[in-house]
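Here is the structure we will look at, set down as structure tokens.
In this note's numbering, the protein residues as written are 1258 to 1678.
Here it is, written out as structure tokens:
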């Protein structure tokens, strides 16, 4: 059988698999009573927004909008539809590996164009009415995002193949910053000057072939491509079955990020203090959890910094600040659930009141640093330095109130189930 036939068979097999995954979530009842009316409401409001934009459009700045678009650019990967058994064929010198990668790149380019077109179509009322872009400007923005997203995927894959460990993390951070500045500058040219926008798209189009050659020329990439494709295939299944997966074991004798040689965090030695201290150290000693924690904080800070912030808008941003507090509390509560389900803790008969008190103390202390950092981003542009320092004690009190409200709600589940799931 020819290579193209194998590749097409895997394309159709993958589409059928994703369709079966969708059927697990959306059956005919949900499609009729939820999806159908939801689409009808969406298209009705979409048509209304094209002629008469809502008031809340004015709160969205172009800087905030392109920050969200950059998150869209960072999502996704180029797939090649490779499997582990393919190395038996590819090592025979038939040249199938390069063919699969080329065809996979073409398929992924079409898929990226489709998703980018959907995003541009959904946000068209905002672009036309609030940002005063023409349809030509939207077309330029679509081409720019499409090509930029493909280049980002190829560069990311090349880094994953070439580097490991801290070097990979360092290069990922550098590429994230450089691509972010490039995307911010590019979208500014695209939205303001159409001619320069088309020139920029042409330059990116010239960069795309060398990026493909760089990616396809990387050696020892077959097994990594196989693992990446398998992860992309199971992405939506992982979301559905996220509560039923086997957690990755924590290997001993690894140097933690924080609290390497720390002593007690609480003077009073009680059961709830011991549990809260152990949970806090497990959170801040985990580099993977801390990266996610820092990412949540950075998303809120960048979203606030790139939005029109004036003294008249402080009420809106105070609401966003409180929402950030609830999200950080939710994140801390998820990490507590992982900590509480540890097999070692299951050896002891903990009283429900002890678990609730420990969870409340842990959630408050763990969410407070990120909550105060986001608060500085909210109030620093509109208040004097002295007033910003005076806002810190208020932030501590507000953070305690938010974490207490969320912890109280979470404790109801503990009373019903005897623990957190």
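All C-beta atoms, glycine included, are put in the ideal place defined by N, C-alpha and C.
Quick test of your reading: residue i and residue j, contact by CB under 8 angstroms. State the CB separation rounded to the nearest angstrom.
i: residue 1373; j: residue 1403; result: 5 angstroms
i: residue 1558; j: residue 1631; result: 6 angstroms
i: residue 1553; j: residue 1588; result: 6 angstroms
i: residue 1386; j: residue 1467; result: Actually they are not in contact, since the Cβ atoms of residue 1386 and residue 1467 sit about 39 angstroms apart, beyond 8 angstroms.
i: residue 1419; j: residue 1475; result: 7 angstroms
i: residue 1259; j: residue 1338; result: The Cβ separation is near 15 angstroms, so there is no contact.
i: residue 1664; j: residue 1616; result: 6 angstroms
i: residue 1465; j: residue 1408; result: 6 angstroms
i: residue 1410; j: residue 1333; result: 6 angstroms
Tell me which same chain residues have a C-beta within less than 8 angstroms of the C-beta of residue i, skipping the five on either side of it?
i: residue 1343; result: 1353, 1354, 1357, 1479 and 1483
i: residue 1401; result: 1443, 1444, 1447, 1454, 1457, 1458 and 1461
i: residue 1590; result: 1616, 1620, 1663, 1664, 1667 and 1677
i: residue 1629; result: 1649, 1652, 1653 and 1656
i: residue 1388; result: 1319, 1322 and 1448
i: residue 1497; result: 1278, 1281 and 1282
i: residue 1555; result: none
i: residue 1637; result: 1645
Can you name, in chain order, every residue of its own chain whose Cβ lies under 7 angstroms from the Cβ of residue i, other than the five neighbours on each side?
i: residue 1522; result: 1534 and 1537
i: residue 1376; result: 1329
i: residue 1578; result: 1631, 1632 and 1635
i: residue 1412; result: 1432 and 1468
i: residue 1581; result: 1557, 1628 and 1631
i: residue 1397; result: 1447, 1451, 1454, 1455 and 1458
i: residue 1510; result: Residue placement at residue 1510 is poorly supported in this model, since its pLDDT is 48, which falls under 50; the coordinates still yield a value, given next. Cβ neighbours of residue 1510 beyond the five flanking positions: none.
i: residue 1340; result: 1483
Would you check if the distance between the CB atom of residue i and the CB atom of residue j is smaller than 8 angstroms?
i: residue 1394; j: residue 1451; result: yes
i: residue 1359; j: residue 1414; result: no
i: residue 1573; j: residue 1306; result: no
i: residue 1437; j: residue 1327; result: yes
i: residue 1283; j: residue 1292; result: yes
i: residue 1596; j: residue 1668; result: no
i: residue 1425; j: residue 1416; result: yes
i: residue 1592; j: residue 1546; result: yes
i: residue 1603; j: residue 1324; result: no
Exposed or buried, what is residue i when buried is set at 16 or more other beta-carbons lying within 10 Å of its beta-carbon?
i: residue 1610; result: exposed
i: residue 1684; result: Summary: the structure shown does not reach residue 1684, with the chain confined to residues 1258 through 1678, and so no result is reported for it.
i: residue 1421; result: exposed
i: residue 1273; result: exposed
i: residue 1608; result: exposed
i: residue 1600; result: exposed
i: residue 1627; result: buried
i: residue 1243; result: For the chain, the structure presents residues 1258 to 1678; residue 1243 sits outside this window and is missing.
i: residue 1264; result: buried
i: residue 1614; result: buried
i: residue 1463; result: exposed
i: residue 1529; result: buried
i: residue 1643; result: exposed
i: residue 1440; result: buried
i: residue 1647; result: exposed
i: residue 1427; result: exposed
i: residue 1612; result: buried
i: residue 1371; result: exposed
i: residue 1532; result: buried
i: residue 1296; result: exposed
Give me, in chain order, the residues of the same chain whose beta-carbon lies closer than 6 angstroms to that of residue i; leave out the 5 immediate sequence neighbours on both sides.
i: residue 1336; result: 1361, 1365, 1486 and 1489
i: residue 1277; result: none
i: residue 1406; result: 1330 and 1369
i: residue 1384; result: 1390 and 1395
i: residue 1382; result: 1306 and 1307
i: residue 1493; result: 1278
Can you confirm whether residue i, when its beta carbon is compared against all beta carbons of chain B, has any partner nearer than 8 angstroms?
i: residue 1365; result: Reference to chain B is not applicable here, since this structure consists of a single protein chain.
Quick one: is the Cβ of residue i within less than 7 angstroms of any heavy atom of the ligand ADP?
i: residue 1273; result: With respect to small molecules bound, the structure shown includes none, and the ligand ADP cannot be examined in it.
Query raised in the report: Are at least three pairs of beta-carbons, each pair with one atom in the region 1613–1625 and one in the region 1653–1664, less than 8 angstroms apart?
Result: yes
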